[in-house]
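Colleague: In order, the protein sequences belong to chains A and B. 270 is the number that my numbering gives to position 107 of the first sequence; each next residue is one higher, with no gaps. 519 is the number that my numbering gives to position 330 of the second sequence; each next residue is one higher, with no gaps. Ideal placement from N, C-alpha and C gives every residue a C-beta, glycine not left out. Quick one: the structure is below, questions incoming.
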Amino acid sequence: MEPIIHMENVNKWFGALHVLKGINLDVAKGEVVVIIGPSGSGKSTLIRTVNRLEEIQKGRIVVDGIELNRDVRNIDAVRKEVGMVFQSFNLFPHMTVLENITLAPRIVRKWPREKAEKIAMELLERVGIADQAEKYPAQLSGGQQQRVAIARALAMQPKIMLFDEPTSALDPEMVGEVLDAMKELAKSGMTMLVVTHEMGFAREVADRVIFMDMGEIIEEGEPDQVFSNPRHERTQAFLGRILH
Amino acid sequence: MRAAVWLKENLFNGWFNSLLTVATAWFLYVTLRGILHWAFTEARWFVVPENMRLLMVGSLPPDQVWRLWTVAVLVLFVSGLVYASRTGARVPRWMWVGALLLFAAVFPTVFPATRAFLLLTLLALPTGMALGARVTDRWAKAAIAAALAVVIGLLWGNTERLGGFSLTVLLTVLASVLAFPLGLLLALGRTGKWPVFRTLSILYIELIRGVPLITVLFLAYYMVPLFLPASWRVPTLFSIVVGFSMFAAAYLAEYVRGGIQGVPKGQYEAAWALGLSGSQSARYIILPQAIRSVIPALIGQLIAIFKDTSLVYILGLFDLLFMAITVTRNPKYLGTEREILLFIALIYFVGAALMSYASRRIERAMGLGTR
């Protein structure tokens, strides 16, 4: 089957710093891929290239059959199909929860207000905070804000969801509620690319785990294999540092 | 008893503070004695009511004053309409009551012909707000456009003899309304990614900010007619409004740019990731946050325009300050400069204070529910 994300020899530099060194990666439709690795390994940069928040200097990325190049129309088309959840939520502080979620469907997808609000309420129901629709982001807890951010991304009915360390800015007691929402999403068949330090989540939900270090994919495989029986010594060292 | 305690705690706690209090009281007494004595015994305050008409509308013929009233009604009505349609605000009861009370208070002092206009003007704002809650954004925008067209139509060709406070207000409102969109455009241009647009914006902003206001006004006075057909007689007022708007826009642009740069990068990324285009992100995400954060500076600029309109008498327009000076040239009112200047200073102060108060209200309304 044609992969929904196809990356071929992807290279990126920040000035002289070579942050992505020839990444090759194919993601199948419905697959949940978790990317782990030490900070500075390029894993966030990698998923940010999928919706072109980061430009690449060499290589090729094709998302859902659309070639990501300098063509603005292609970039817009890809961004419509790819939802993203950020570490720092990035909700719009001047809008209510409901306005946050309905904005993009209304002005990008041109849905009428009623349709957008109906779907927004269904999504809020799904992530368990329908009663917060009229509040402003600043009135919510971190976990609630991140669930709103998930609902906001889903409202565009994307085919792919990117998660950039979605639980790293949360208080420990709120991590669970966000992970639950993500697990439920994974079960529903969404294609997901997740950068996270939550190894329990990776073990339980991931179809594939990718270990990155210094801008390269060092090792990849099923979660059981990568976690219980890592082949590469850098993977072993990393897992040794963070498990327990 | 309580007063004595307060005095002791605040003014006489310790020998040094007691000494300071006594010295200050003596200083105030010496300086204010003369002023108070003058204000209550010598000042000829009657000069103000006797020249109120001149101070308010200048030498506009009485049969033309209806134009001004209509403009006032329209502006207040549309302001209320737009404000209420944006915020969904209800009309507070004190606004109706206040309007009627004010009418009753002023009723005996005005000409019979102006009473109806006065009542309409006072009721325009609450009526506009009452209707505003029921109209959509699109209708509010249409109302702004229509009102602007009517206002220009009413004033075009009838401004030569307009003067006094109404001219000051008219200049302020027109310049503000025109400067704001131009300022936004320049701010977007300067922060945007199109090199040509950015260079032009920077050039414009820095040029205007490097030239004194009075020079910009003179330039506008002489140069605006060059851009229009030679057969048009361009009213001075029009050129001046163009000059003021161009000047204020450069400053507004810099304030808004500050606001834009204060919006976190994550807001752009969230907007782009949702598929919003550059202009959609600017309109729905970036500008609303940027403007909210610089409201005090924006209103400050409008207050500056309001006060700086006193410069226009150099170009032959008879604003509030000029009318005041004119009155004192009348042999009948020789030597009343103090009274009349104090009065117009009070008008400027009240106007500026009202705008400043509005700024705090707007800030609070926009900051609601966010931190």
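(1) Looking at the C-beta of B:W461, does it have a partner C-beta in chain A at a distance below 9 Å?
(2) What in chain A is Cβ-close to B:G455, meaning under 7 Å?
(3) Spatial neighbours of A:E383 within its chain, please: CB distance less than 8 Å, with the 5 preceding and 5 following residues excluded, ordered by chain position.
(4) Check the Cβ of B:Q469 against every Cβ in chain E and list those closer than 8 Å, keeping chain order.
(5) Could you check where the alpha helix (DSSP H) with B:D326 kicks off and where it finishes?
(6) Quick check on A:L209 - is its C-beta less than 9 Å from some C-beta in chain B?
(7) Starting from A:N232, find everything on chain B with Cβ-Cβ shorter than 8 Å and list it in chain order.
(8) Do you know whose CA, among A:E277, A:P256 and A:T265, lies nearest A:Y299's CA?
(9) Is the beta carbon of A:V358 sitting closer than 9 Å to the one on A:I313?
(10) Cβ of A:D334 less than 9 Å from any chain B Cβ?
(11) My output table needs one value for A:E165: the three-state DSSP class, helix, strand or coil.
(12) Determine, for B:Q450, whether the minimum Cβ-Cβ distance to residues of chain A falls below 9 Å.
(13) With which residues is A:I229 paired in a DSSP beta bridge?
(14) For B:Y546, does the count of other Cβ atoms within 10 angstroms reach 16, so buried, or fall short, so exposed?
(15) If we ignore side chains and look at the alpha-carbon of each, how far apart do B:F502 and A:L266 end up?
(16) Could you give the uninterrupted runs of the beta strand (DSSP E) lying entirely in the stretch 227–284 of chain A, keeping only those of 3 residues or more?
(17) Can you give the beta carbon distance from B:F354 to B:I536, rounded, assuming they're within the 8 Å contact cut?
(18) Name, going along the chain, the residues of the stretch 474–485 of chain B whose beta-carbon falls closer than 9 Å to a beta-carbon of chain A.
(19) From A:N187 to B:G447, what distance separates their C-alpha atoms?
(20) For A:H395, does the three-state DSSP call read helix, strand or coil?
(21) Is the beta carbon of A:G378 sitting closer than 9 Å to the one on A:S204?
(22) When DSSP labels each residue in this structure, what does A:D370 get in the three-state scheme?
(23) Residues of chain B with CB under 7 Å from A:N214, in chain order?
(24) Please name the residue in A:R236, A:T208 and A:W176 whose C-alpha comes closest to that of A:L325.
(25) Can you name the residues that DSSP bridges to A:I323?
(26) Mind checking whether A:L254 and A:V245 have CB atoms under 9 Å apart?
(27) For the stretch 274–296 of chain B, list every residue whose C-beta sits within 7 Å of some C-beta in chain A, in sequence order.
(28) Counting only Cβ pairs nearer than 9 Å, list the residues of chain A close to B:E458.
(29) Helix, strand or coil for B:W258, going by three-state DSSP, please let me know.
(30) Which residues does DSSP pair with A:N174 in a beta bridge?
(31) Please report whether the beta-carbon of A:P256 lies at a distance below 9 Å from any beta-carbon of chain B.
(32) Taking the Cβ atom as the reference point for each residue, do B:T517 and B:D508 lie within a distance shorter than 9 Å?
(33) For B:L265 versus B:L314, is the C-beta spacing smaller than 9 Å?
(34) May I ask which residues mark the beginning and end of the alpha helix (DSSP H) holding B:I536?
(35) Whole angstroms is fine: what's the gap from B:D326's alpha carbon to B:V483's?
(36) Rounded to a whole number of angstroms, what is the C-alpha to C-alpha distance between B:R560 and A:F252?
Modeller: Per the coordinate set shown:
(1) Output row for B:W461: interface = yes.
(2) In chain order: F249, S251 and N253.
(3) So the list reads R371, V372, I373, F374 and V389, once near-sequence residues are dropped.
(4) Note that chain E does not occur in the displayed structure, where the protein chains are A and B.
(5) Per DSSP, B:D326 belongs to the alpha helix (DSSP H) from D326 to L344.
(6) Interface with chain B (9 Å Cβ-Cβ cutoff): A:L209 is excluded.
(7) What A:N232 touches in chain B: nothing, since even the nearest Cβ is about 16 Å away.
(8) Comparing Cα-Cα distances from A:Y299 to each of A:E277, A:P256 and A:T265, the minimum goes to A:P256.
(9) No, Cβ-Cβ distance for A:V358 and A:I313 is not below 9 Å.
(10) Judged by the 9 Å Cβ criterion, A:D334 is not in contact with chain B.
(11) Under the three-state reduction of DSSP, A:E165 is assigned to coil, being neither helix nor strand.
(12) At a cut-off of 9 Å between beta carbons, B:Q450 makes no contact with chain A.
(13) According to DSSP, which records beta bridges pairwise, A:I229 is partnered with A:V226.
(14) Exposed, since its Cβ has fewer than 16 Cβ neighbours within 10 Å.
(15) Residue identity differs from the one stated: residue 502 of chain B is Tyr in this sequence, not Phe. In this structure, the straight-line span from the alpha carbon of B:Y502 to that of A:L266 is close to 49 Å.
(16) You should have 245–248.
(17) That pair is a contact at about 6 Å.
(18) Within the stretch 474–485 of chain B, contact with chain A at the beta-carbon level (separation under 9 Å) is assigned to I474, P477, Q478 and R481.
(19) The straight-line gap from Cα to Cα measures roughly 42 Å.
(20) Residue state, collapsed to three classes: coil.
(21) It is a contact, given that the beta carbons lie within the stated cut-off.
(22) DSSP places A:D370 in coil when its eight states are reduced to three.
(23) Correct list: A462.
(24) For A:L325, the nearest C-alpha among the options comes from A:T208.
(25) According to the DSSP secondary-structure assignment, A:I323 is paired through a beta bridge with A:V245 and A:T354.
(26) Contact flag unset, no.
(27) Closer than 7 Å at the C-beta level to chain A, one finds no residue of the stretch 274–296 of chain B.
(28) Here the neighbours are R211, L216, M247, F249 and N253.
(29) Per DSSP, reduced to three states, the secondary structure at B:W258 is helical.
(30) As a beta-bridge residue in DSSP terms, A:N174 pairs with A:K184 and A:K221.
(31) Interface flag for A:P256 against chain B is set, since a Cβ pair is found closer than 9 Å.
(32) No, Cβ-Cβ distance for B:T517 and B:D508 is not below 9 Å.
(33) Less than 9 Å divides the Cβ of B:L265 from the Cβ of B:L314.
(34) First-last of the alpha helix (DSSP H) with B:I536: E526 to M555.
(35) Near 24 Å, if we compare the C-alpha coordinates of B:V483 and B:D326.
(36) Annotation note: pLDDT 45 at B:R560 (below 50); position unreliable, no value reported.
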